[in-house]
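Following this note's numbering, the numbering of the first sequence begins with 1 at its first residue and continues without gaps. Okay, structure first, notes after.
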Amino acid sequence: MDIPGVLWTKDRNEALKIQRNFAKKLNLNFENRKIDTVGGIDLSFPQKGIALAILTILSFKDLKMKKIIYHISKVEFPYISGLLSFREGPIIIDLLKKVDEEIDLFFIDGQGIAHPRSFGLASHIGTLIKKPTIGIAKSHLYGKFNIPLNIKNDFKELTSSDKIIGYVLRSKENCNPIFISPGNYIDSETSLKMVKRSITKYKLPEPTRLAHKYSQIYKKKLFISKIND
DNA sequence: GCGACAG
DNA sequence: ATCTTGTCGC
1 MDIPGVLWTK DRNEALKIQR NFAKKLNLNF ENRKIDTVGG IDLSFPQKGI ALAILTILSF
61 KDLKMKKIIY HISKVEFPYI SGLLSFREGP IIIDLLKKVD EEIDLFFIDG QGIAHPRSFG
121 LASHIGTLIK KPTIGIAKSH LYGKFNIPLN IKNDFKELTS SDKIIGYVLR SKENCNPIFI
181 SPGNYIDSET SLKMVKRSIT KYKLPEPTRL AHKYSQIYKK KLFISKIND
């Protein structure tokens with residue numbers, strides 16, 4: 001996967017400029033793409049300053065995992081609400097450089113355009129790799145919404161200035177809802193549809209659920225299994 | 001000034 | 001995100 005990659009900085013103000021600037025260039029048009037293969041991305045932090053990134057590759061048809069790829073890297077930017085992509089983005093891009101196969105759609109932990117400057121992690125990654133991305137967040141960052149009913153598949157609009165920027169979906173009964181917003185090359189409605197299609201019996205859509213699960217498993221295997229070697 | 005604040 | 005076991009409830 002070839003990637004340009006000049007949208008990084010360690011300067012806070014420069015980061016804000018990048019977000020405002022590139023948000024204008026987002027293309028939230030899906031254009032009836034064919035989706036055969038989907039990817040899920042998540043990170044865990046085995047030690048301070050070290051991240052373990054996971055990419056799960058699934059066939060969209062049956063949601064079965066075909067392959068998993070991981071990447072370990074130093075963390076070079078602090079966590080700052082609204083600037084998550086400058087912390088996790090570079091690591092995710094390095095992970096994606098290891099990928100050979102074609103992936104049609106990415107599910108990424110975090111927000112897409114449901115962001116103060118309309119440029120969350122999923123939008124940033126989608127801009128760099130030029131592939132459709134959807135932000136899947138477990139909590140709220142930006143936008144107004146009503147709480148969906150405690151019934152599986154009930155959902156409410158996420159809005160900003162009366163415009164839809166995503167959806168809040170009760171993906172599983174008795175679980176907090178998830179926040180879905182388009183990253184790039186996809187619209188809100190299609191994002192919601194794709195996420196719904198990717199949910200089985202759990203709260204999170206399979207690509208992201210598996211990425212999170214394995215990021216925890218690999219963290220243990222790669223960082224504490226030594227005590228018994 | 002006060003509250004909110006992805007992972 | 002992370003430190004961590006059991007436990008209450010659907």
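We put the beta carbon where it would ideally sit given N, CA and C, even for glycine. Predicted model, so just to flag it, every value in this text is computed and none were measured.
- Between the region 130-139 and the region 168-179 there are three or more inter-stretch CB-CB distances shorter than 8 Å, so the stretches are counted as touching.
- Rounded to whole angstroms, Ala122 and Ile147 show a C-alpha spacing of 23 Å.
- Its chain contains Pro205 and Glu206 as the residues whose beta carbon lies nearer than 6 Å to that of Ser198, once the 5 sequence neighbours on both sides are disregarded; these appear in chain order.
- For the pair Ser188 and Ile164, the CB atoms are nearer than the 7 Å cut-off.
- Pairing Asn184 with Ile134, the inter-Cα distance amounts to about 7 Å.
- Looking at Ala51, Lys144 and Val168, the one whose alpha-carbon comes closest to that of Ile91 is Ala51.
- Here Phe45 is exposed, its C-beta having fewer than 16 other C-beta atoms within 10 Å.
- One thing to note: Phe30 has its Cβ within 7 Å of the Cβ of Ile186.
- Inside the region 23-110, DSSP marks whole alpha helix (DSSP H) runs of 4 or more residues at positions 84-96, from first to last along the chain.
- For Phe223, the uninterrupted alpha helix (DSSP H) run begins and ends at Glu206 to Phe223, by DSSP.
- Excluding sequence positions up to five before and after Val168, its CB lies within less than 7 Å of the CB of Phe145, Pro148, Phe155, Lys156, Leu158, Pro177 and Phe179, all in the same chain and listed in chain order.
- Looking at the DSSP output, Asn153 shares a beta bridge with no other residue.
- DSSP places Gly126 in the helix class (H, G or I) of the three-state scheme.
- DSSP places Thr133 within a strand segment (E or B) once states are collapsed to three.
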